[in-house]
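Asker: This is the structure I have questions about; it appears just below.
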Amino acid sequence: MHKTGFDPGVAVVDAINIVRRHPWRMLGWGLLMYLPMLVVMLALVPMFVEMAQLEANGGGDPSPASAILVQAASNLGQLAQLAIIVPAIAALAFMVWQRPRAKKTWLGMRYGMDELRVLVLVIAYYFGVFLVMFVAIVAIGLISVPLAMVSKPLGILVGVLGGLAAFAGFVWVGIRAVLILPASVDSETFAFVEGWKASKGRFWPLFAVGLLSFLALVAFSILAVVILGIIVLVVALPLGFMSGGDWGTANTALAFGLGIPAAILGFLLLSFLQAVSVVMYAVPWYSVWAQMTRAGVLAPAEVVPPATEIEA
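Here the numbering used here = 1-based position in the sequence shown + 6.
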């Protein structure tokens, strides 16, 4: 166990174990998260038809009504996706900590005060981090632009160094704030101060957790791409062989017979990957909080079982 009270490797392994032990739940979550995007795609169909007609008639821009419809559908889809992601993030805490939920759930999810807190915290987290970045960029601009009028190389140098410093500050604030979410879910209140204090002196170990989580997600993504490539080959090779390489003469029935199942498999795979990304976003930090609790670094509201007992 690291002297800070947690092991970054254990945190990421806990996240991978959640995926391994609950594949069907991951798939269900992913499908629910992707359904809003299907609605958006359906909303785009009229615009694509209109663009095709305009192109056939010599070009032109889509009508304002089509653009408004696309934007409204996109916003609605994102809100609907958030309505699934938020309860999934809350549910993951109970899965990692093996705590029973007070009320009935569906796929481990429900809507209640825990989910409301998660929603507020997710919005506050991104708003706060990007606000810091925005203020830093404005400050750099106010300094570097006047300097560039006097000496262009000096202005560029200050701008580059300031940009690097702003990015470092962006990362620092983001890492320092990551434990606010598990602290709030654990205490059933908005534990901004407790979560911020808990990350004090633990920047690099927490940074390691974030980096390892990112690398694990990249590995999942690469695996998904490989599987998708295999699916495409399974469809393309028989069609190419039977048509002699002339895709224009490919058997339409065979193309649909192979293509539709392949598209469904691809959609299921991407849905699963979407849920995995949510797991890698939340579970490592819940695991860190649990490890710190067991190490006696924190004063928990209740005892969390050891990481090796996480089976939820």
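By construction, the Cβ of each residue, glycine as well, lies at the ideal position given by its N, Cα and C atoms.
Determine the burial state of residue 228: buried for a count of at least 16 other Cβ atoms within 10 Å of its Cβ, exposed for fewer.
Answerer: Along the sequence shown, read from residue 1 onward, the residue named residue 228 stands at position 222. Residue 228 comes out exposed.
Asker: Sort 99, 42, 111 by Cα distance to residue 287 and report the nearest one.
Answerer: Counted from its first residue, the sequence shown places residue 287 at position 281. Residue 287 has its Cα closest to that of 99, out of 99, 42, 111.
Asker: Can you list the alpha helix (DSSP H) stretches of 4 or more residues lying completely in the stretch 8–35, in chain order?
Answerer: 14–27, all fully within the stretch 8–35.
Asker: Where DSSP assigns a beta bridge to residue 43, which residues make up the other side?
Answerer: Locating residue 43 in the sequence shown gives position 37, where the first residue counts as 1. DSSP, once it has assigned bridges, lists no residue as partnering residue 43.
Asker: Would you kindly check if the distance between the Cβ of residue 219 and the Cβ of residue 123 is under 8 angstroms?
Answerer: Residue mapping note: residue 123 aligns to position 117 of the sequence shown, counting from 1. Residue mapping note: residue 219 aligns to position 213 of the sequence shown, counting from 1. The answer is no: Cβ separation not under 8 angstroms.
Asker: For residue 23, count the other beta carbons within 10 Å of its own beta carbon; 16 or more makes it buried, fewer makes it exposed. Which is it?
Answerer: Reading the sequence shown from its first residue, position 17 is the one you call residue 23. Counting Cβ neighbours within 10 Å, residue 23 comes out buried, since at least 16 surround it.
Asker: Let me check one thing: in DSSP terms, what residues is residue 112 bridge-paired to?
Answerer: Taking the sequence shown and counting its residues from 1, the one referred to as residue 112 is at position 106. DSSP lists 115 as partners of residue 112.
Asker: If you follow the alpha helix (DSSP H) that residue 196 is part of, which residue opens it and which one closes it?
Answerer: To locate residue 196, count along the sequence shown from 1; it is residue 190. It is not in any alpha helix (DSSP H) - residue 196 carries neither H nor E in the DSSP assignment.
Asker: Excluding the five sequence neighbours on either side, which residues of its own chain have a C-beta within less than 7 angstroms of the C-beta of residue 395, listed in chain order?
Answerer: The structure shown does not extend to residue 395, since the chain is modelled only from 7 to 318, so the question has no answer here.
Asker: Check whether the Cβ atoms of residue 96 and residue 143 sit closer than 8 angstroms, and answer yes or no.
Answerer: The residue labelled residue 96 in the question sits at position 90 within the sequence shown. The residue labelled residue 143 in the question sits at position 137 within the sequence shown. No, the Cβ-Cβ distance between residue 96 and residue 143 is not below 8 angstroms.
Asker: Among 165, 291, 279, whose alpha-carbon lies nearest the alpha-carbon of residue 25?
Answerer: Residue numbering aside, residue 25 sits at position 19 when the sequence shown is read from its first letter. Looking at the Cα atoms, 279 is the closest of the given residues.
Asker: Sorted by chain position, which residues of the same chain lie with C-beta nearer than 6 angstroms to residue 213's C-beta, five sequence neighbours on each side aside?
Answerer: Numbered from 1 along the sequence shown, position 207 holds the residue referred to as residue 213. Excluding sequence neighbours, residue 213 sits near 181.
Asker: For residue 316 and residue 102, what's the separation of their Cα atoms in angstroms?
Answerer: Here residue 316 corresponds to residue number 310 of the sequence shown, with the count starting at 1. Here residue 102 corresponds to residue number 96 of the sequence shown, with the count starting at 1. Model confidence at residue 316 stands at a pLDDT of 43, short of 50, so the residue's coordinates are unreliable; what they give is reported in the following sentence. Taking the straight line from one Cα to the other gives about 6 angstroms.
Asker: Using the three-state DSSP reduction, which class does residue 59 fall into: helix, strand or coil?
Answerer: Within the sequence shown, residue 59 is the residue found at index 53, counting from 1. Looking at residue 59 - three-state DSSP - the assignment turns out to be helix.
Asker: Are the CB atoms of residue 87 and residue 152 within a distance shorter than 8 angstroms?
Answerer: Looking up residue 152 in the sequence shown gives position 146. Looking up residue 87 in the sequence shown gives position 81. No.
Asker: Hey, how far is the Cα of residue 74 from the Cα of residue 44?
Answerer: In the sequence shown, residue 74 corresponds to position 68, counting from 1. In the sequence shown, residue 44 corresponds to position 38, counting from 1. Rounded to the nearest angstrom, the two C-alpha atoms are 18 angstroms apart.
Asker: So the alpha helix (DSSP H) residue 179 belongs to, where does it begin and stop?
Answerer: Indexing the sequence shown from 1 puts residue 179 at position 173. From DSSP, the alpha helix (DSSP H) with residue 179 extends over 158–182.
Asker: Write down the C-beta distance between residue 154 and residue 162 rounded to the nearest angstrom, noting that I regard them as a contact closer than 8 angstroms.
Answerer: Position 148 of the sequence shown, counting from 1, holds the residue named residue 154. Position 156 of the sequence shown, counting from 1, holds the residue named residue 162. Indeed they touch by this definition, with Cβ atoms about 7 angstroms apart.
Asker: Does DSSP put residue 297 in a helix, a strand or coil?
Answerer: Stepping through the sequence shown from its first residue, residue 297 is reached at position 291. Reduced to three states, the DSSP call for residue 297 is helix.
Asker: Check each candidate in 35, 16, 85, 188 and name the one with the smallest Cα separation from residue 46.
Answerer: Here residue 46 refers to the residue found at position 40 when the sequence shown is read from its first residue. Ranking the options by Cα distance to residue 46, first place goes to 85.
Asker: Exposed or buried, which one is residue 133 when buried takes at least 16 other CB atoms within 10 Å?
Answerer: Counting from one through the sequence shown, the residue named residue 133 turns up at place 127. Residue 133 comes out exposed.
Asker: Exposed or buried, which one is residue 299 when buried takes at least 16 other CB atoms within 10 Å?
Answerer: Within the sequence shown, the letter at position 293 stands for residue 299. Label assigned to residue 299: buried.
Asker: Going by alpha carbons, who is nearest to residue 304 out of 140, 193, 138, 156?
Answerer: Residue 304 sits at position 298 when you count from the first residue of the sequence shown. Comparing Cα positions, the closest option is 193.
Asker: Kindly give me the distance between the Cβ atoms of residue 164 and residue 150, rounded to whole angstroms, as I take these residues to be in contact under 8 angstroms.
Answerer: For the purposes of this step, residue 164 is taken as the residue at position 158 of the sequence shown. For the purposes of this step, residue 150 is taken as the residue at position 144 of the sequence shown. With 8 angstroms as the limit, residue 164 and residue 150 qualify as a contact, their Cβ atoms being about 5 angstroms apart.
Asker: Go through its chain and collect everything with a Cβ distance to residue 277's Cβ below 6 angstroms, but skip five positions before and after it.
Answerer: Taking the sequence shown and counting its residues from 1, one reaches residue 277 at position 271. Cβ neighbours of residue 277 beyond the five flanking positions: 36, 37, 40.
Asker: When DSSP labels each residue in this structure, what does residue 206 get in the three-state scheme?
Answerer: Within the sequence shown, residue 206 is the residue found at index 200, counting from 1. In the structure shown, residue 206 sits in coil (DSSP, three-state: anything other than H, G, I, E or B).
Asker: Spatial neighbours of residue 34 within its chain, please: C-beta separation below 7 angstroms, excluding the five flanking residues on both sides.
Answerer: Indexing the sequence shown from 1 puts residue 34 at position 28. Only 113 meet the Cβ criterion.
Asker: Give the secondary structure of residue 105 by DSSP, where H, G and I count as helix, E and B as strand, and everything else as coil.
Answerer: Locating residue 105 in the sequence shown gives position 99, counting from the first residue. Of the three classes helix, strand and coil, the one that applies to residue 105 here is coil, per DSSP.
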